[in-house]
Amino acid sequence: MPTRRELVADAAVTVLATEGPRGLTHRAVDRAADLPPGSTSNCFRSRAALVSAVIDRVEQLDLEVMASTLGSDPAPLSALPGQLAAVVGAMTAPEHVRATRARLALLLDESAGGAMALGHHRFLARLRDMLAEGGHPTPDASARMVSDLLDGALLHAVAVPTRQVDVDQLRAGVARLLG
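Residue numbers in the sequence shown follow the UniProt record's numbering, run continuously in steps of one, and reach 179 at the last position.
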């Protein structure tokens, strides 16, 4: 059973995903969570605290998708394009797309910029480490290029309702970048 804070954080993710940064208010989260007025402010006193809770929750959900898709054992470099494409496919699947929408919306919210940058740098570091462990000759530059491609695929899949991620095409694109 989720705690009250977890319930509120999940509702805040939903509000952000559907209403955007301007729609993320304590009152809107109370309504989305079907809680009495003031419940969200009892958990997260300020908008900054609420945004921070959303960032933490989205990152937790993203890490769960990555863990279930990538597994815990290091993969050979040849398997990485398929795994990364599968992660993007999972992040745009109906059960996770709200977290992806919320993450993309947070990128536009000036109050979340620094925290979002930290999460992005953690992902880049993990990707760089995976490339280095696989023996890639330019893990830093390649991690940035691959991350840009994956972010673009996520953005287009979320922003254009008729566009779905073609996992095979994305895998081929990542493989080309990794050469």
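We treat Cβ as the ideally placed atom computed from N, Cα and C, and that holds for glycine. Remember, predicted model here, so these are calculated numbers, not experimental data.
Can you list, in chain order, the residues of its chain with a C-beta nearer than 6 Å to that of residue i? Leave out the 5 residues immediately preceding and following it.
i    : result
A105 : L16, G20, P21
R145 : Per the sequence shown, residue 145 should be read as Met rather than Arg. So the list reads L177, once near-sequence residues are dropped.
R47  : none
Looking at the unbroken alpha helix (DSSP H) that takes in residue i, where does it start and where does it end?
i    : result
H26  : 26 to 33
Q83  : 80 to 91
E6   : 4 to 19
E64  : 47 to 70
S39  : 39 to 43
L108 : Segment: none, L108 is in no alpha helix (DSSP H) and carries neither H nor E.
P139 : 139 to 159
R171 : 167 to 178
Who are the near neighbours of residue i in its chain, counting only those whose CB is closer than 7 Å to its CB and skipping five residues on each side?
i    : result
S147 : F123, L124, L127
A143 : L124, L127, R128, L131
Under 7 Å from any heavy atom of the ligand NAP, does the C-beta of residue i make it?
i    : result
G173 : As far as ligands go, the structure on display features none, and thus does not contain the ligand NAP.
Output needed for residue i: all residues of its chain with C-beta closer than 8 Å, excluding positions within five of it in sequence on either side, in chain order.
i    : result
P74  : M130, E133, G134
V158 : T92, V97, T100, R101, L104
If we count Cβ pairs, one from each stretch, closer than 8 Å, do we get three or more for the region 3 to 12 versus the region 34 to 43?
Contact holds: three or more Cβ-Cβ distances are below 8 Å.
Stretch-stretch touch, CB-based, cutoff 8 Å, three pairs: the region 43 to 53 with the region 86 to 95
Flag = no, the region 43 to 53 and the region 86 to 95 do not touch.
If we count Cβ pairs, one from each stretch, closer than 8 Å, do we get three or more for the region 80 to 87 versus the region 163 to 172?
With a cut-off of 8 Å, the region 163 to 172 and the region 80 to 87 count as touching, because enough Cβ pairs lie within range.
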